[in-house]
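Visitor: Sharing a structure with you now.
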Amino acid sequence: MASTLAPATRETAVAPKAAARRASRARRTAVAWLFLAPFAVVFVVYTAIPTVAALGLSLTDIRGADLRTPFAVDFTGVENYVRLFQDDTFVRDLLNTGLFVAVGVPLTMVTGFVLALALNSGVRRLRGLFRTVFFAPVVTNVVAAALIWQYAFHTDGTVNKVLGAVGLAGPNWLDDPNLAMPVVVLLGVWRNFGTAMVLFLAGLQAVPQDVYEAAALDGAGRWRQLRHITLPLLLPTTLMVSVLLTVFYLQVFDEPYLLTGGGPLGSTESVALYTYRQFGAGEFGMSSAASFVTLVLVMVVSVVQFRLLRSRT
Amino acid sequence: MPNLSRRSALRLTAGMALGAALPLAGCGRSNDTAATAGAKKVDASPATGTVNVWAAQGDADVLGTVVKPFKAANPDVVVKTTLIPNAEYYTKLQAAIAAGKGPDIAQFFPESQAQFLDSSTLLPVPDGLVDKSSFFTSLWDAGVVDGVAYTVPWYAYTYALVYRSDLAKKAGVEAPKAWADMEPFLKALQGAGAARGLGADIGWDIFNGQDVAMYAWQAGGSLVTSDGKWNLNTPQMAAALKYNADFFTSGAADTSGPTFLDAQPYFVSGKTASMITGPWVLGQLDTAAKKKGWTSAHVATAPLPAGASSSVTFSAGGTWGVLAGSGNADAAWKLVRYLAAPSTQVAQYKAYGSLPAVITAWDDSAIKNQPLLDAFFTQLKNTRAFPQISTWQQVATRLGKEMEAVAKGKETAAGAAANIQAYAESVGTGRK
Chain A
5 MASTLAPATR
15 ETAVAPKAAA
25 RRASRARRTA
35 VAWLFLAPFA
45 VVFVVYTAIP
55 TVAALGLSLT
65 DIRGADLRTP
75 FAVDFTGVEN
85 YVRLFQDDTF
95 VRDLLNTGLF
105 VAVGVPLTMV
115 TGFVLALALN
125 SGVRRLRGLF
135 RTVFFAPVVT
145 NVVAAALIWQ
155 YAFHTDGTVN
165 KVLGAVGLAG
175 PNWLDDPNLA
185 MPVVVLLGVW
195 RNFGTAMVLF
205 LAGLQAVPQD
215 VYEAAALDGA
225 GRWRQLRHIT
235 LPLLLPTTLM
245 VSVLLTVFYL
255 QVFDEPYLLT
265 GGGPLGSTES
275 VALYTYRQFG
285 AGEFGMSSAA
295 SFVTLVLVMV
305 VSVVQFRLLR
315 SRT
Chain B
20 MPNLSRRSAL
30 RLTAGMALGA
40 ALPLAGCGRS
50 NDTAATAGAK
60 KVDASPATGT
70 VNVWAAQGDA
80 DVLGTVVKPF
90 KAANPDVVVK
100 TTLIPNAEYY
110 TKLQAAIAAG
120 KGPDIAQFFP
130 ESQAQFLDSS
140 TLLPVPDGLV
150 DKSSFFTSLW
160 DAGVVDGVAY
170 TVPWYAYTYA
180 LVYRSDLAKK
190 AGVEAPKAWA
200 DMEPFLKALQ
210 GAGAARGLGA
220 DIGWDIFNGQ
230 DVAMYAWQAG
240 GSLVTSDGKW
250 NLNTPQMAAA
260 LKYNADFFTS
270 GAADTSGPTF
280 LDAQPYFVSG
290 KTASMITGPW
300 VLGQLDTAAK
310 KKGWTSAHVA
320 TAPLPAGASS
330 SVTFSAGGTW
340 GVLAGSGNAD
350 AAWKLVRYLA
360 APSTQVAQYK
370 AYGSLPAVIT
380 AWDDSAIKNQ
390 PLLDAFFTQL
400 KNTRAFPQIS
410 TWQQVATRLG
420 KEMEAVAKGK
430 ETAAGAAANI
440 QAYAESVGTG
450 RK
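First to last, the protein sequences are chains A and B. Okay, so the first sequence: first residue is 5 according to the numbering used here, each after it adds one. Okay, so the second sequence: first residue is 20 according to the numbering used here, each after it adds one.
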């Protein structure tokens, strides 16, 4: 943080002596730390220490019954992690989570981007209304939404009634291992495309209008403008949206928990749901190990995304 | 962190992790010291001081009314009751115990209390506090580990067959006595107009696991060996899984419904004609039918049909335990003794409908004059406690998921029995 403050002031300083520069630098660092202190304290107490403690727990055989004497447990090394990857359920849940990310992230981004484009250049009237409507799912209580979705995708639900009206026999969506996952992903997309849309919209509005005018003068059509101006200039926004969504989908919990409970036949159970279940069963060691695997995944995927997209921004 | 290079940041993280792990490595488990039964006797003198009671919302809602006579007889005692929502109850209790801020008395559920039955958490029930033979055997057994009792039964329930008597009469069938009679019975109810003979539980969770375990008992199986090892890959377990799955494959039940919330509306409307469920539904069906007296005119109950061995079921309900950290154990035990008395349990029944865990309380006219409860009384005398193993809930939850695979034809009964044994061995029995 302090290093970002430095360049702005360095230019105004006229050939200072080295000692004076060091002193002022130390003071600036101290001031920066002072500003950072409230966050740093909260971060250390509520994030860093619990994270480290969880790592410690994941290396022991601690269970619910050990809570009174949390230090009287055995150090078991990576045994929990070995057990985790030997558990078919965990491996299945990892694959399910991978599917959430692989399908959910692109779908959410494309939906959000297309709507942002439409709102930015296509829709003139009622733009505020559309923006509000599209953003509404983000602020809707997910418990209520999931309940409505449950009714909508019930055997005798709205979706199947609509299908029946056009002569199609609707399946039992949430009880079919092949169909439940698409519905759960769809709920995730529905809940998140508004966030993507708003971020893309902000990005679009930051693109200077004269660039488009210049391109139009050079004879570039709408499609070439989109490919060669809009998309490249939106890369920083795209990176942010993609990292945000990936982190969200890697930890997906609400949607499967509320809509299907992880079923049918475990086809929609995510790693976060697995972690929650292990914790509920008093398997604190296993639960901590599973959450650490999630943390590592989030870190790896984020770093990869930054590497892939940052070089061009 | 501006002046921190990536390498030193990594080193710092590793150091912190090691720092967290080292004290743990230094400690390790100590050998548990066995609790000694027969703690200090609890006399008949009045209780004094403050007694903090924690209970789950539900049956304990009426506790304030039920303990009024106790407060009157013991003027120097203050009873403070804290009610906690059911879903968070064990989590909060565990956290409070871990922090050393637990109550004096806590409510437990006999079907899921094994994790608390330990001398570091609960005090052994003092000798002579209550007569253990006055309770349904399985409810008392649910609190006993290595010969030491930690809990005192409070209320009781078990499962029985609840069916539409009008449809059975129309079809000319009697309640099934054995497993083999079950499918013809359910099919006959379908013939009398129901869409499905059985409104089966399709949550595929711990409750299904408990059902399958109960069927395994009925087939003559046991869940653990006499030396305390998991014994789930048995022909009896396979038979239990198949018996339950056959409801679905034969068309007597449906894997897609009714869901938990639909169970009673479906039963009342005649979409389903029977349920394997607890006694509380009897008090709720009139509401579901929106008609007073509907239940007595349309519903009958029967003990569950017997498997190759018996018609045994599991017992559930509520129990009380006094925490090891209690500062007022004497008064706490006096309150528990009061709650276990037949007259208190009848008062609890009258206030909330909780069925007594004390057998003699069932002689009270308030309970005796209800014919629909007879099947539950018969069944309660033929119940067994789930294994007193702290990982049982995990195993039962997994068993419920295995049941789903068998019911949907994705796994054979024998394969599921092997799977559940492998899983149970991987989580162990929680003992070292």
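C-beta: ideal position from N, C-alpha, C; glycine also. Note that the coordinates shown come from a computational prediction; the quantities given were computed from them, not determined experimentally.
Verify the CB distance criterion: does Asp-179(A) have a CB-CB separation below 8 Å to chain B?
Guide: Output row for Asp-179(A): interface = yes.
Visitor: When the Cβ atoms of the region 225-241 of chain B are set against those of the region 415-435 of chain B, are three or more pairs found closer than 8 Å?
Guide: Flag = yes, the region 225-241 of chain B and the region 415-435 of chain B touch.
Visitor: Exposed or buried, His-232(A), counting other C-beta atoms within 10 Å across all chains shown (16 or more means buried)?
Guide: Under this definition His-232(A) is an exposed residue.
Visitor: Using a Cβ-Cβ cut-off of less than 8 Å, list which residues of the region 429-440 of chain B approach chain A; keep chain order.
Guide: Residues passing the 8 Å Cβ filter: Lys-429.
Visitor: Where DSSP assigns a beta bridge to Ala-74(B), which residues make up the other side?
Guide: Beta-bridge pairing links Ala-74(B) to Leu-102(B).
Visitor: Taking the alpha-carbon of Ala-115(B) as reference, which of Val-144(B), Phe-89(B), Trp-73(B) has the nearest alpha-carbon?
Guide: That would be Trp-73(B), whose Cα lies nearest to the Cα of Ala-115(B).
Visitor: Using only the heavy atoms of the ligand SAH, determine whether one of them is closer than 7 Å to the beta carbon of Val-61(B).
Guide: Judged by which ligands are present, the structure shown has none, so any question about the ligand SAH falls away.
Visitor: Does the Cβ-Cβ distance between Trp-339(B) and Ile-124(B) come in under 8 Å?
Guide: Yes, the pair counts as a contact, with Cβ atoms nearer than the cut-off.
Visitor: If you run the structure through DSSP and keep just helix, strand and coil, what is Val-166(A)?
Guide: Residue state, collapsed to three classes: helix.
Visitor: Give me the Cβ distance between Ile-295(B) and Leu-260(B), rounded to the nearest whole Å; I'm assuming they're in contact under 8 Å.
Guide: Contact doesn't hold; Cβ gap of about 15 Å is too wide.
Visitor: Suppose you measure from the CA of Thr-33(A) to the CA of Val-46(A); what does that come to, to the nearest Å?
Guide: Distance between the alpha carbons of Thr-33(A) and Val-46(A) is about 20 Å.
Visitor: Using the beta-carbon of each residue, which ones in chain B are nearer than 8 Å to Gly-270(A)?
Guide: Within 8 Å Cβ-Cβ: Lys-420.
Visitor: Can you find a C-beta in chain B that's less than 8 Å from the C-beta of Asn-176(A)?
Guide: Closer than 8 Å: yes.
Visitor: Helix, strand or coil: how does DSSP classify Asp-393(B) here?
Guide: Correct three-state label for Asp-393(B): helix.
Visitor: Taking CB distances under 8 Å as the criterion, tell me whether Ala-219(A) reaches chain B.
Guide: No, Ala-219(A) lies away from the interface with chain B (no Cβ there is under 8 Å from its Cβ).
Visitor: Taking one C-beta from the region 154-174 of chain A and one from the region 69-85 of chain A each time, how about it: are there three or more such pairs within less than 8 Å?
Guide: Contact between the region 154-174 of chain A and the region 69-85 of chain A is absent, because fewer than three Cβ pairs lie under 8 Å.
Visitor: Along the chain, where does the beta strand (DSSP E) that runs through Val-256(A) open and close?
Guide: Val-256(A) -> no beta strand (DSSP E), and no H or E assigned at all.
Visitor: Note down, in chain order, all residues in the region 274-291 of chain B with a beta-carbon under 8 Å from any beta-carbon belonging to chain E.
Guide: As a matter of chain content, chain E is missing from the structure shown, whose protein chains are A and B.
Visitor: Using a Cβ-Cβ distance cut-off of 8 Å, determine whether Arg-29(A) contacts chain B.
Guide: Not one chain B Cβ lies under 8 Å of Arg-29(A).
Visitor: For Ala-148(A) and Val-142(A), what's the separation of their Cα atoms in angstroms?
Guide: Spanning the two alpha carbons is a distance of roughly 13 Å.
Visitor: Considering Ser-328(B), what are the terminal residues of the alpha helix (DSSP H) in which it resides?
Guide: Per DSSP, Ser-328(B) belongs to no alpha helix (DSSP H) and is neither H nor E.
Visitor: So with Cβ pairs under 8 Å, would you call Arg-87(A) a contact of chain B?
Guide: With 8 Å as the cut-off, Arg-87(A) counts as an interface residue toward chain B.
Visitor: Does the separation of the CB atoms of Lys-99(B) and Thr-67(B) fall below 8 Å?
Guide: No.
Visitor: How about Gln-413(B): is its C-beta nearer than 8 Å to some C-beta of chain A?
Guide: With 8 Å as the cut-off, Gln-413(B) counts as an interface residue toward chain A.
Visitor: What's the gap between the Cα of Glu-287(A) and the Cα of Pro-172(B)?
Guide: If you take the alpha carbons of Glu-287(A) and Pro-172(B), they lie about 27 Å apart.
Visitor: For chain A, check one thing: does any of its Cβ atoms lie closer than 8 Å to the Cβ of Gln-113(B)?
Guide: Chain A contact via Cβ: present.
Visitor: Label Thr-84(B) either buried or exposed according to how many other C-beta atoms from any shown protein chain fall within 10 Å of its C-beta, with 16 as the threshold for buried.
Guide: Label assigned to Thr-84(B): exposed.
Visitor: In chain B, which residues lie less than 7 Å from Thr-162(A) when you measure between Cβ atoms?
Guide: Chain B residues near Thr-162(A): none, gap ~17 Å exceeds 7 Å.
Visitor: In the DSSP output, which residue or residues are listed as bridge partners for Thr-69(B)?
Guide: Bridge partners of Thr-69(B): Val-97(B).
Visitor: Does any C-beta atom of chain B lie closer than 8 Å to the C-beta of Leu-71(A)?
Guide: Yes, contact with chain B.
Visitor: Which runs of the alpha helix (DSSP H) at least 4 residues long sit entirely within the region 284-327 of chain B? Give them in chain order.
Guide: Listed in chain order, the complete alpha helix (DSSP H) runs (minimum 4 residues) inside the region 284-327 of chain B are 304-308, 313-317.
Visitor: I'd like the list of long-range same chain contacts for Ile-439(B), defined as Cβ closer than 8 Å, with 5 residues on each side in sequence excluded.
Guide: Leu-251, Asn-252, Met-256, Val-414, Arg-417, Leu-418, Glu-421.
Visitor: Looking only at its chain, what residues have a beta carbon closer than 6 Å to the beta carbon of Ala-235(B), apart from the 5 residues adjacent to it on each side?
Guide: So the list reads Gln-255, Met-256, Ala-259, once near-sequence residues are dropped.
Visitor: Residues bridged to Asp-273(B) by DSSP?
Guide: Paired residues: Gly-276(B).
Visitor: What are the start and end residues of the beta strand (DSSP E) that includes Thr-410(B)?
Guide: No beta strand (DSSP E) contains Thr-410(B), which DSSP labels as neither H nor E.
Visitor: What does Gly-68(A) touch in chain B if you count any residue whose Cβ is under 8 Å from its own?
Guide: Residues of chain B passing the Cβ test: Gln-113, Gln-134, Ser-409.
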